[in-house]
Every structure is written in C-alpha cells, then in structure tokens.
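Participant: Here it is, the structure, as structure tokens.
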C-alpha cells in the first residue's frame, strides 16, 4: 500500500514519518514513480528510523531524498523504547528509566567504556511485566558519556552494528563489517570486498580481499588502507587486491575458515 501511503502523506501534509530505513527509501522511490517529488511535493520534516542495521550513508541518502531531518531510535517489543537521537547526532540518548549495560557476549562481563558489545537492558517503568537484565542479542558500537550540545546529560549509545553471532571476533575484538565499509567507501573506485579469517600457526589473521582496478593496486594505497583499517578495527589486517568481478555474487561477505571443516 505504498502508493496509498504517499497519497495520504500528501493529502494530510504529514510532517513526521517513522519507518524502517529501507521502507522509508522505498516510499521516496514510490513517490517519484507517481510523479511526486518527495522533497518539494510532500511536507515531511522528520523521519524516525528504527529496527534495521544500516550504513551511515543511508541516513544521508534519506535526508536528501525527502529534504528532512533523520533521527534514529532504539526500541524492542520486549523492552520498549530505550534511546533516541537528538539533533546533534553522535548516538542515541538513553532514557532515564531504562538501565543499559554493554557486555562481552561470551563472558557476560562488562566491556570497557566506549567498546562494542551486546546490549543488556533493565526496564524500570513497566509494572505488569518488568524486564530485568534482558540480553537483546544486538551489538552496539559502544556507549559514550561525553556531554552533548543539546544539554541532555544521559549517556549516548552508538550505532547498532549487528547481531551476536553475525559479527566475527578476532583476537577478542569484534570486527564489524560496517567499519570496513566506512573506510573503503572513501575511495570511489574500490568495489566489493570480502573478509577472510583464518588461523595459520594457531594465530588469528584477517585478510580483506578488495576488488580494485589494476591502476590503483599500488603499495602506497595498500599501506594507507592497512593503517586506516587498523585504527577502525583495533587490529591490523592484511590487504589483498583482486581484479573487479573476482568476488562472485554467491560468495559470502565474511569467510571464517577457523570453523570450516
């Protein structure tokens, strides 16, 4: 019923939309197919995105499509609303009636401040069904306690990186694919990549295979990417340049050979 949604949004001059990021973008594409300019023919000023893992540029694309401000919220059926983003971004302010902890999913112990880990929530405002130390299975980039320009003093929870089990760990560190993408997206001509994890000589190793035109496969670029990825991941990867279309559509984005065979 996307076309109906667009017609109602135009008729009622809807100003706020809450949706999954992919569906919000689908609405903008539907409007264009209907001959409606989402930015000029609709009245949307704010889009609240929830419920999906996203790339950082998805927010920018959505903002550009609607000419609207994009805010993110973290919410779940079991624990209700946990946090929301203010106009300054940089993470979602945690609500004061929900206690949020970040733990190592394997040991159950708290991680260091600002480090990624699994989100655990305790809901203090529900009376009929209190939720105590609920393990969400979601992995956050971390929690920051820096003062926000908006004036709110509550901590901020950074982006959701994925689900426990979907994000590999190497030498005790989470290796979120999105951190790799943020580095590689700065180079327009770099194409697909594949993360390969193995354990030669009983030591974890990560190799990032990157599709790259022959003219760009230079040692200087390799060293630059290794350093940027080392900072982003907290671990030094190896870089393997491969020709475009080397990584087929059917190959997994993450190949963990430590458990193979």
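Numbering (my numbering), first residue to last: 168 to 428.
By construction, the Cβ of each residue, glycine as well, lies at the ideal position given by its N, Cα and C atoms.
1. So residue 425 and residue 406 are in contact, right, with Cβ under 8 Å, and what is the actual spacing, rounded?
2. For residue 231 and residue 267, I'd like the C-alpha separation in whole angstroms.
3. Between the Cα of residue 298 and the Cα atoms of 265, 329, 277, 384, which residue gives the shortest distance?
4. Are residue 329 and residue 343 close, meaning C-beta to C-beta below 9 Å?
5. Buried or exposed, going by whether 16 or more other CB atoms sit within 10 Å of the CB of residue 191?
6. What residue does the alpha helix (DSSP H) around residue 391 start on, and which one ends it?
7. Between residue 376 and residue 393, is the Cβ-Cβ spacing less than 9 Å?
8. Apart from the five residues just before and just after residue 350, which ones in its own chain have a Cβ nearer than 6 Å to its Cβ?
9. Which residue's Cα is closest to the Cα of residue 322: 261, 233, 217, 227?
10. Nearest-angstrom Cα distance between residue 206 and residue 423?
11. Determine the contact status of residue 309 and residue 277, defining contact as a CB-CB distance below 9 Å.
12. Just the Cα atoms here: how many angstroms apart are residue 239 and residue 368?
13. Since I believe residue 337 is in contact with residue 373 (beta carbons under 8 Å), could you give me their beta-carbon distance rounded to a whole number of angstroms?
14. From residue 241 to residue 357, what distance separates their C-alpha atoms?
15. Under DSSP, the beta strand (DSSP E) around residue 186 begins and ends at which residues?
16. Which same chain residues end up closer than 7 Å to residue 300 when comparing Cβ atoms and leaving out the 5 residues on each side of it in sequence?
17. Taking the alpha carbon of residue 224 as the point to measure from, which residue in 345, 204, 291 has its own alpha carbon closest?
18. Applying the 10 Å Cβ sphere with the 16-neighbour rule, what's the burial state of residue 428?
19. Check residue 425 in the structure and name its three-state DSSP category.
20. Which residue's Cα is closest to the Cα of residue 419: 199, 333, 233, 180?
21. Go ahead and pull the three-state DSSP assignment for residue 200.
22. Cβ of residue 226 within 9 Å of Cβ of residue 188?
23. Tell me whether the beta-carbon of residue 182 lies closer than 9 Å to the beta-carbon of residue 213.
Facilitator: The short version:
1. Here residue 425 is taken as the residue at index 258 of the chain shown, counted from 1. Here residue 406 is taken as the residue at index 239 of the chain shown, counted from 1. Contact doesn't hold; Cβ gap of about 20 Å is too wide.
2. Sequence index remark: in the chain shown, residue 231 carries index 64 (1-based). Sequence index remark: in the chain shown, residue 267 carries index 100 (1-based). Their backbone Cα atoms lie some 33 Å apart in a straight line.
3. Within the chain shown, residue 298 is the residue found at index 131, counting from 1. Cα-wise, what sits closest to residue 298 is 265.
4. Residue numbering aside, residue 329 sits at position 162 when the chain shown is read from its first letter. Residue numbering aside, residue 343 sits at position 176 when the chain shown is read from its first letter. Yes, they are a contact pair.
5. Numbered from its first residue, the chain shown carries residue 191 at position 24. With 16 or more Cβ atoms within 10 Å of its Cβ, residue 191 is classed as buried.
6. Working through the chain shown from its first residue, we reach residue 391 at position 224. Run containing residue 391: 386-400, per the alpha helix (DSSP H) assignment.
7. Position 209 of the chain shown, counted from the start, is the residue given in the question as residue 376. Position 226 of the chain shown, counted from the start, is the residue given in the question as residue 393. Cβ atoms of residue 376 and residue 393: not closer than 9 Å.
8. Locating residue 350 in the chain shown gives position 183, where the first residue counts as 1. Excluding sequence neighbours, residue 350 sits near 395, 396, 399.
9. Looking up residue 322 in the chain shown gives position 155. Cα-wise, what sits closest to residue 322 is 261.
10. In the chain shown, the residue the question calls residue 206 occupies position 39. In the chain shown, the residue the question calls residue 423 occupies position 256. When rounded, the distance between both Cα atoms is 43 Å.
11. For this step, residue 309 is matched to residue 142 along the chain shown. For this step, residue 277 is matched to residue 110 along the chain shown. No. Outside cutoff.
12. Residue mapping note: residue 239 aligns to position 72 of the chain shown, counting from 1. Residue mapping note: residue 368 aligns to position 201 of the chain shown, counting from 1. Near 43 Å, if we compare the C-alpha coordinates of residue 368 and residue 239.
13. The count along the chain shown starts at 1 and reaches residue 373 at position 206. The count along the chain shown starts at 1 and reaches residue 337 at position 170. Correct: roughly 5 Å between the Cβ atoms.
14. In the chain shown, residue 241 corresponds to position 74, counting from 1. In the chain shown, residue 357 corresponds to position 190, counting from 1. Using only the alpha carbons, I get a separation of about 32 Å.
15. As a position in the chain shown, residue 186 is number 19, starting the count at 1. Note, residue 186: beta strand (DSSP E), 183-186.
16. The residue given as residue 300 occupies position 133 in the chain shown. Excluding sequence neighbours, residue 300 sits near 287, 289.
17. On the chain shown, position 57 is the one that residue 224 refers to. Among 345, 204, 291, the Cα nearest to that of residue 224 is on 345.
18. In the chain shown, the residue the question calls residue 428 occupies position 261. Here residue 428 scores only 38 on pLDDT, less than 50, and its place in the model should not be relied on; the value that follows carries that caveat. Per the 10 Å Cβ criterion, exposed.
19. By one-based count along the chain shown, residue 425 stands at place 258. Three-state result, residue 425: coil.
20. Position 252 of the chain shown, counting from 1, holds the residue named residue 419. For residue 419, the nearest C-alpha among the options comes from 333.
21. Looking up residue 200 in the chain shown gives position 33. Three-state result, residue 200: helix.
22. Counting from 1 along the chain shown, the entry for residue 226 is found at position 59. Counting from 1 along the chain shown, the entry for residue 188 is found at position 21. Yes, the pair counts as a contact, with Cβ atoms nearer than the cut-off.
23. If you number the chain shown from 1, residue 182 lands on position 15. If you number the chain shown from 1, residue 213 lands on position 46. Yes, these two residues count as a Cβ contact at 9 Å.
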